[in-house]
Amino acid sequence: MNKKITLVGKLILFVLLITTISCSSDDDEIREEIVEELSGENSIISFEIAAGVLKVNADINEAGNSINQRLLPDTDLTSLDTKVVISENASISPNPETINDYTKPVTFTVTAENGNTKEYIVTFGIMDENYAAQCDVNDASKWFGGDDRESPDNPLIEPRNVGTGQTIRLVKDLYPTSFGVYFRGGFRFSSIGRLYKEDVELKLNIRNADGSILASTTTLVEGSFEGGWVDFDLSSLNLLLKNNTDYYFTWYLIDGESLAVTTGSTGNTEQIIDGIHNGPGYSGQSRKKDGTSLEDWDTWFEHSWYFNFRIEGKQ
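Note that the sequence shown covers residues -25 to -1, 1 to 290 in mature numbering (1 follows the signal peptide of the UniProt record, and there is no 0).
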């Protein structure tokens, strides 16, 4: 009897031992599974600069581990605020929030979670190089302004206001100081051919790639105007237009439908891609009866011509 109990006891102990070994092995596997490799990511993802009312994302060159940006004239390089985004779980030294003086290049070190480091040299400068470009080749003109004609059989000829636009894509960042457009002649009543001979006001909207308005300005055209260049002063807008980015410059006659006077926007029907001609033109049309406005992006559509313009500023 005692011998039988002893055998049973030994059997129970053996089962418990096997179970303990099995559980220990499972625990080791669990511990191995929850060990995570530390991240080696150590990049600066974005470097935003705030200088007065201007906020701009600096250009990051990952290949050269450098960050460069030229800023508007009169920017105080000793008093810049920045907002820096780095890789998750990484750290940066020195703390960008403690650095405001960028009169000389500043070196930042980004340390990954696993200890790997990467240095970025940040260099800011002032836009002090003059820039001017002009697109003046033309072989056609498009309706611009209001319409005083009446033609019941043609729904396109009725009270309306027609605007013009042009894509601007720059090779280098630009602080624009003026933008000019070209018109075939003075403003006149189309149906009778008589010149208006009164001052009119034009509005320019500078739009982002999604059509939203970035900035706006107006200019007065005197009644004696007989055609040629009309310029908008952009210096007070304090804009910084980024390179390789599409901006849509759209302009129209204020109260054009009510005034019912028109001229022609000149352009080039030949598609030439170069440093100046690098994006399509635009045309827009609004009608009071439809409740539409040339302020709204959905009243504009791409045009096959390149419209004449000139632009000046600092780079």
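We put the CB at the ideal spot given by N, CA and C, even for glycine.
Assigned exposure category for N105 - 16 Cβ within 10 Å defines buried: Along the sequence shown, read from residue 1 onward, the residue named residue 105 stands at position 130. Its Cβ having fewer than 16 others within 10 Å, N105 is exposed.
What three-state label does DSSP hand P48 in the structure shown? By one-based count along the sequence shown, residue 48 stands at place 73. Coil.
Identity of the residues DSSP links to Y171 by a beta bridge: Residue numbering aside, residue 171 sits at position 196 when the sequence shown is read from its first letter. Looking at the DSSP output, Y171 sits in no beta bridge, so it has no partner there.
Out of curiosity, what's the CA-to-CA distance linking N253 and G242? Taking the first residue of the sequence shown as position 1, residue 253 is located at position 278. Taking the first residue of the sequence shown as position 1, residue 242 is located at position 267. Between the alpha carbons of N253 and G242 lies a distance of about 14 Å.
Taking Cβ to Cβ, would you say R135 is nearer than 8 Å to S240? For the purposes of this step, residue 135 is taken as residue 160 along the sequence shown, with counting starting at 1. For the purposes of this step, residue 240 is taken as residue 265 along the sequence shown, with counting starting at 1. For R135 and S240, no; Cβs fall outside 8 Å.
Kindly provide the ranges of any beta strand (DSSP E) runs that are 3 or more residues long and lie completely inside the segment 105 to 186, ordered along the chain. Counting only runs of 3 or more residues that sit fully inside the segment 105 to 186, the beta strand (DSSP E) segments are 105 to 110, 115 to 121, 136 to 144, 150 to 158 and 175 to 182, in chain order.
Give the straight-line distance between the Cα atoms of L269 and D221, rounded to the nearest whole angstrom. Here the question's residue 269 lines up with position 294 in the sequence shown. Here the question's residue 221 lines up with position 246 in the sequence shown. Between the alpha carbons of L269 and D221 lies a distance of about 19 Å.
Buried/exposed call for P69, threshold 16 Cβ in 10 Å: On the sequence shown, position 94 is the one that residue 69 refers to. Classification of P69: exposed, given that the 10 Å Cβ count is below 16.
Quick one: is Y157 buried, meaning 16 or more other Cβ sit within 10 Å of its Cβ, or exposed? Taking the sequence shown and counting its residues from 1, the one referred to as residue 157 is at position 182. Buried, because 16 or more other Cβ atoms sit within 10 Å of the Cβ of Y157.
What is the DSSP secondary structure of L234, counted as helix, strand or coil? Residue 234 sits at position 259 when you count from the first residue of the sequence shown. Residue state, collapsed to three classes: helix.
Taking only the alpha-carbon atoms, compute the straight-line gap between S14 and T53 and give it to the nearest angstrom. By 1-based counting over the sequence shown, the position of residue 14 is 39. By 1-based counting over the sequence shown, the position of residue 53 is 78. Here the C-alpha atom of S14 lies approximately 35 Å from the C-alpha atom of T53.
Determine the DSSP secondary structure at residue 292, reduced to helix, strand or coil. Residue numbering for the chain in the displayed model covers -25 to 290; residue 292 lies beyond these limits and cannot be assessed.
Bridge partners - S18, DSSP secondary structure assignment: Working through the sequence shown from its first residue, we reach residue 18 at position 43. Answer is none; S18 lacks a bridge partner.
Counting C-beta neighbours from all protein chains within 10 Å, is the total for N219 16 or more, i.e. buried, or is it exposed? As a working note, residue 219 is residue 244 in the sequence shown. Flag for N219 reads exposed.
Run through DSSP, which three-state label would R76 get? The residue labelled residue 76 in the question sits at position 101 within the sequence shown. Sequence inspection shows Asp at residue 76; the Arg mentioned does not correspond to that position. Assignment of D76 by DSSP, reduced to helix, strand and coil, places it in the coil class.
Using the rule of at least 16 other Cβ atoms within 10 Å of the residue's Cβ for burial, across every protein chain shown, is E245 buried or exposed? Residue mapping note: residue 245 aligns to position 270 of the sequence shown, counting from 1. The C-beta of E245 has fewer than 16 other C-beta atoms within 10 Å across all chains shown, which makes the residue exposed.
Spell out the partners DSSP gives S41 in its beta bridges. Within the sequence shown, numbered from 1, the residue matching residue 41 stands at position 66. DSSP, once it has assigned bridges, lists N36 and I96 as partnering S41.
How big is the Cα-Cα spacing for residue 295 and T225? Residue 295 is absent from the structure shown; the chain starts at -25 and stops at 290.
Nearest by alpha-carbon distance to K30: which of I19, K58 and F284 is it? For the purposes of this step, residue 30 is identified with residue 55 of the sequence shown, where counting begins at 1. By alpha-carbon distance to K30, the top candidate from I19, K58 and F284 is K58.
Under DSSP, the beta strand (DSSP E) around D265 begins and ends at which residues? Looking up residue 265 in the sequence shown gives position 290. Unbroken run through D265: none, as it is neither H nor E.
Can you grab the Cα-Cα spacing for the pair S258 / E277, in whole Å? Here residue 258 refers to the residue found at position 283 of the sequence shown. Here residue 277 refers to the residue found at position 302 of the sequence shown. Here the alpha carbon of S258 sits roughly 6 Å from the alpha carbon of E277.
Less than 8 Å separating the beta-carbons of T82 and E94? Sequence index remark: in the sequence shown, residue 82 carries index 107 (1-based). Sequence index remark: in the sequence shown, residue 94 carries index 119 (1-based). For the 8 Å CB-CB criterion, T82 and E94 form a contact.
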